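The block underneath contains the structure these notes are about, expressed in structure tokens.
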Amino acid sequence: VGVCYGRNGDNLPPPQVAVQLIQAQSITKVRIFSYDAETLQAFANTQIELVIGTTNAQVVDFGQSQGDAADWVTRNVAAALPATKIVAIAVGSEVITSAPNAAGYLVAAMTNIYSALQQAGIDKQVKVSTPLSMGVLGTSFPPSSATFDPRFSAVMQSLLEFLSRTGSYLMANVYPYYAYRNDMRYISSDFALFRPNQGFTDSNSGLHYWNLFDAQLDALYYAMAAYNHREILIVVSETGWPSMGNADEVNVVNLDNAASYNGNLIKHLSNGSGTPFRPGITTDTYIFELFNEDLREGPTSNRNWGLFKPDGTKVYNIDFGNSIVVQRNRSFCVANPNASFTDLQIALDWACGPGHADCQAIQPGQSCYLPDTVASHASYAFNSYFQSNGMDPSACDFSGAAAVTIADPS
545 VGVCYGRNGD
555 NLPPPQVAVQ
565 LIQAQSITKV
575 RIFSYDAETL
585 QAFANTQIEL
595 VIGTTNAQVV
605 DFGQSQGDAA
615 DWVTRNVAAA
625 LPATKIVAIA
635 VGSEVITSAP
645 NAAGYLVAAM
655 TNIYSALQQA
665 GIDKQVKVST
675 PLSMGVLGTS
685 FPPSSATFDP
695 RFSAVMQSLL
705 EFLSRTGSYL
715 MANVYPYYAY
725 RNDMRYISSD
735 FALFRPNQGF
745 TDSNSGLHYW
755 NLFDAQLDAL
765 YYAMAAYNHR
775 EILIVVSETG
785 WPSMGNADEV
795 NVVNLDNAAS
805 YNGNLIKHLS
815 NGSGTPFRPG
825 ITTDTYIFEL
835 FNEDLREGPT
845 SNRNWGLFKP
855 DGTKVYNIDF
865 GNSIVVQRNR
875 SFCVANPNAS
885 FTDLQIALDW
895 ACGPGHADCQ
905 AIQPGQSCYL
915 PDTVASHASY
925 AFNSYFQSNG
935 MDPSACDFSG
945 AAAVTIADPS
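In short: position in the sequence shown from 1, add 544, done, that's my numbering.
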């Protein structure tokens with residue numbers, strides 16, 4: 545679990561102070577929206593994993609000019625590494641649904657940025673993606689019937705092909721808050737806030753959903769599967785719940801709901817359960833946001849998403865510490881439940897052969913031979929390879945046949 549650090553305010557502390565606050569909360573993943581040399585320097589030598597981004601206006605420029613994309617990478621990424629641990633670039637934000645003039649340049653911009661990373665020799669450590677809104681879906685309920693909006697078919701196909709080719713992930717801004725606020729007749733607050741509720745069963749898949757967050761994630765996973773992309777994982781680039789709003793918002797926007805959503809979200813992500821469609825799959829998630837930003841436009845709620853006030857005091861009690869320690873220190877690599885028998889067998893053969901994984905224990909008569917299934921043997925071999933490579937996420941891919949989890953498979 546990480547946090548989004550926005551700076552659209554006239555009363556916010558300097559970056560150095562913000563970073564100290566982030567470290568005090570044991571937060572190790574941060575997404576920033578605006579930055580300069582001072583901000584990047586503030587994160588230097590902290591080991592905080594940083595996601596930086598481009599503006600939507602830059603998407604058009606970088607899509608048209610490889611040179612401009614390369615210059616940007618040189619100045620903002622290569623120059624900051626390795627002291628500042630940049631791990632991803634978010635190209636624009638919700639470009640497909642909110643910036644139609646830039647959407648046609650999106651994948652070209654991402655490709656040019658990725659090429660610049662390759663030229664600098666840092667493409668393995670810095671991923672390239674773009675945050676999507678849930679608006680890219682034409683149908684989202686039930687999750688198993690989810691499809692991308694036909695209007696965005698061409699760009700989504702190209703985007704998913706890029707993410708698959710470069711080993712990246714889909715970034716998505718997932719907000720149960722907006723779904724609940726806009727459809728309170730059919731969505732209960734308990735379902736939106738991870739509180740005890742009856743949930744619902746997807747009649748097509750037979751899977752049962754206990755919270756809206758998982759339902760939204762699986763809608764995206766099913767939509768990608770409909771485009772024959774089951775290998776791409778999701779990173780939630782934004783999610784959260786505002787703590788204060790206008791008088792007509794108080795039933796939805798209040799301290800109790802904000803604390804419940806974000807606190808229960810952290811607990812849910814920490815248990816490693818994944819989603820009904822993608823069980824055991826960890827989802828890196830960035831809570832929006834660190835501070836209340838008093839210069840954001842719109843209703844009062846837009847200025848009250850923060851976990852902290854500008855003076856560093858908590859808006860409400862929330863604990864990051866334990867969940868992050870668990871997620872970072874307990875990582876395993878297991879067979880992707882959606883991988884085919886053939887793909888698992890090919891990956892298993894590679895892991896135990898050219899990959900030099902220690903597969904002795906899954907040989908006939910040995911301690912981990914049973915259950916005698918390809919999925920079980922593959923999970924053992926994948927994890928052996930993953931652990932021997934320092935739990936590097938790139939060591940748990942196997943062409944989409946494997947996935948990282950914090951749930952101990954033993």
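Positions of the beta carbon are idealized from the N, C-alpha and C atoms, including for glycine. Predicted model, so just to flag it, every value in this text is computed and none were measured.
For a cut-off of 8 Å, the C-beta gap from L756 to I778 is around 15 Å, too long to register as a contact.
Straight through space, the alpha carbons of A581 and P558 are spaced by roughly 13 Å. In this structure, I596 is the residue among A664, V797, A613 and I596 with its C-alpha nearest to the C-alpha of V631.
For I831, the closest alpha carbon among the candidates S781, F685 and D693 is that of S781. With contacts defined as CB atoms closer than 8 Å, L751 and F821 qualify as a contacting pair. A residue is called buried when at least 16 other Cβ atoms come within 10 angstroms of its Cβ; V563 meets this threshold and is buried. Within its own chain, the residues whose Cβ lies closer than 8 Å to the Cβ of P740, once the five positions on either side in sequence are excluded, are D734, listed in chain order. Sorting P854, N836, D863 and K853 by C-alpha distance to the C-alpha of N846 places N836 at the top. Using a C-beta cut-off of 8 Å, the stretch 932-946 makes contact with the stretch 889-903, since at least three inter-stretch Cβ pairs fall below that distance. Per DSSP, S702 lies in no beta strand (DSSP E); the unbroken alpha helix (DSSP H) holding it starts and ends at S697 to T710. Annotation: I657 to L703 spans about 14 Å, alpha carbon to alpha carbon. For the beta strand (DSSP E) assignment, the uninterrupted runs of no fewer than 3 residues enclosed by the stretch 867-954 are, from N- to C-terminal side, 876-879 and 946-949. Non-local C-beta neighbours of Y721 in its own chain, meaning closer than 6 Å and more than five positions away in sequence, comprise W785, ordered along the chain. Between V651 and F706, the C-beta spacing is below 8 Å. When secondary structure is reduced to three states using DSSP, P854 falls in the coil class, being assigned neither helix nor strand. Look at the beta carbons and you see the stretch 690-699 not touching the stretch 663-674: under three pairs across the two are nearer than 8 Å.
Residue environment analysis places Q567 among the exposed positions, since fewer than 16 neighbouring C-beta atoms fall within 10 angstroms of its C-beta.
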